[in-house]
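Numbering (our numbering), first residue to last: 18 to 353. To keep things clear, I will list the structure first and then write my remarks on it.
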């Protein structure tokens with residue numbers, strides 16, 4: 018009755034002021050929409066402040082406002098209301114995410130025309146990123162023509178297939194960047210199996226970093242690319258030799274293959290010298306070590322002969338020395 022009296026007296030601002038002071042927000046907003054549209058933003062600001070002081074009740078009110086504005090076709094106000102449900106208003110991350118997604122859907126559908134509100138869009142993108150709704154952020158950015166930002170958002174969402182497809186279609190210069198980010202993601206997450214499919218060398222290096230040498234060498238061996246396997250065998254056996262593990266080094270060479278590369282010759286010779294000079298615990302142990310040494314140099318000579326290398330003649334001296342020493346021990350002679 019009071020409202021009708023003031024309206025008949027053509028005093029809508031008076032009743033609006035009364036409703037505002039009494040925090041009768043729904044009635045105040047109704048009067049403002051009908052009689053004082055210029056007061057809506059100010060009224061909304063007062064309402065937001067009151068709702069924030071209201072805690073959970075306030076957050077629920079923001080959601081209710083968003084639904085009401087949306088139902089009335091006030092899409093800019095609806096999106097803005099949903100975006101007020103943020104980390105400052107509540108710690109309900111599920112609700113924050115839900116409201117950010119809702120605001121994004123409204124924005125994509127209704128608010129990306131030529132007269133779009135850039136401030137709202139900036140808040141929306143920041144809210145989506147904070148809520149880890151990166152895929153939805155990418156949708157908004159694609160609609161805006163912000164292709165690079167959209168692709169980066171999809172990478173953050175680990176939507177690698179979508180990121181690469183969009184890059185190939187809209188921004189080919191970013192394809193390599195997406196591939197590199199994907200590989201680094203697999204590497205950092207330790208997904209060796211998937212990494213092998215896209216970058217086998219990166220996968221082998223990851224296995225090496227983790228000390229999984231057997232798996233690394235087996236993976237290199239499966240690639241049927243001899244220089245690749247030789248590289249990792251040389252690194253592995255070099256480390257074993259430096260640690261004094263000569264027999265393990267020989268076993269690795271015999272299992273994964275020797276190299277005709279002259280850079281490895283010093284490793285072969287060092288293994289020979291160490292085994293010959295180090296004492297054995299028994300004749301059986303001596304024979305075992307010398308026979309391993311003989312087998313190593315036999316494999317090396319055969320490899321050198323296969324590639325027509327004249328180094329076979331030089332290294333054959335080590336083969337015969339190992340052979341005669343092993344034969345001597347087998348026949349019951351004194352250890353060298």
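Ideal placement from N, C-alpha and C gives every residue a C-beta, glycine not left out.
With a threshold of 8 Å on Cβ separation, who are the neighbours of residue i within its own chain once the five nearest residues in sequence on each side are excluded?
| i | result |
| --- | --- |
| residue 328 | 277, 279, 282 and 321 |
| residue 258 | 266, 284, 287, 288 and 291 |
| residue 134 | 93 and 128 |
| residue 112 | 76, 80 and 102 |
| residue 347 | 304 |
| residue 395 | Absent from the structure is residue 395, since the part of the chain shown begins at 18 and ends at 353. |
| residue 251 | 276, 278, 280, 281 and 284 |
| residue 33 | 45, 48, 49, 52, 53, 56 and 60 |
Report yes if the CB atom of residue i is closer than 7 Å to the CB atom of residue j, and no otherwise.
| i | j | result |
| --- | --- | --- |
| residue 37 | residue 45 | yes |
| residue 185 | residue 195 | no |
| residue 120 | residue 100 | yes |
| residue 172 | residue 160 | no |
| residue 170 | residue 151 | yes |
| residue 49 | residue 40 | no |
| residue 237 | residue 245 | yes |
| residue 7 | residue 233 | In the structure as shown, the chain starts at 18 and stops at 353, and residue 7 therefore has no counterpart that could be examined. |
| residue 164 | residue 145 | no |
| residue 98 | residue 82 | yes |
| residue 217 | residue 240 | yes |
| residue 96 | residue 138 | no |
| residue 339 | residue 294 | no |
| residue 148 | residue 117 | yes |
Which stretch, first to last residue, makes up the alpha helix (DSSP H) that contains residue i?
| i | result |
| --- | --- |
| residue 300 | 300–323 |
| residue 296 | Careful: residue 296 lies outside any alpha helix (DSSP H) and carries neither H nor E. |
| residue 122 | 110–127 |
| residue 204 | 192–206 |
| residue 179 | 177–187 |
| residue 210 | 209–215 |
| residue 328 | 328–347 |
| residue 94 | 92–100 |
Leaving out five residues before and five after residue i in sequence, what residues of the same chain have Cβ atoms less than 7 Å from its Cβ?
| i | result |
| --- | --- |
| residue 336 | 311, 314, 315 and 318 |
| residue 219 | 200, 204 and 212 |
| residue 198 | 172 |
Quick check on residue i: does DSSP put it in helix, strand or coil?
| i | result |
| --- | --- |
| residue 150 | coil |
| residue 29 | helix |
| residue 261 | coil |
| residue 284 | helix |
| residue 166 | helix |
| residue 37 | helix |
| residue 106 | coil |
| residue 174 | coil |
| residue 73 | Residue confidence for residue 73 is low, a pLDDT of 47 falling below 50, so the modelled location carries little weight; the figure read from the coordinates is stated next. Looking at residue 73 - three-state DSSP - the assignment turns out to be helix. |
| residue 274 | coil |
| residue 132 | coil |
| residue 248 | helix |
| residue 241 | coil |
| residue 227 | coil |
| residue 233 | helix |
| residue 53 | coil |
Identify, in the order they occur along the chain, each residue of the same chain with its Cβ nearer than 6 Å to the Cβ of residue i, setting aside the five sequence neighbours on each side.
| i | result |
| --- | --- |
| residue 140 | 100 |
| residue 334 | none |
| residue 247 | 276 |
When you compare the CB of residue i with every CB in chain C, is at least one pair closer than 7 Å?
| i | result |
| --- | --- |
| residue 121 | Protein chains in the displayed structure number just one, and chain C is not present. |
Report task. Take every Cβ of the stretch 302–309, pair it with every Cβ of the stretch 343–350, and state whether three or more of those distances are shorter than 8 Å. Result -> Look at the beta carbons and you see the stretch 302–309 touching the stretch 343–350: at least three pairs across the two are nearer than 8 Å.
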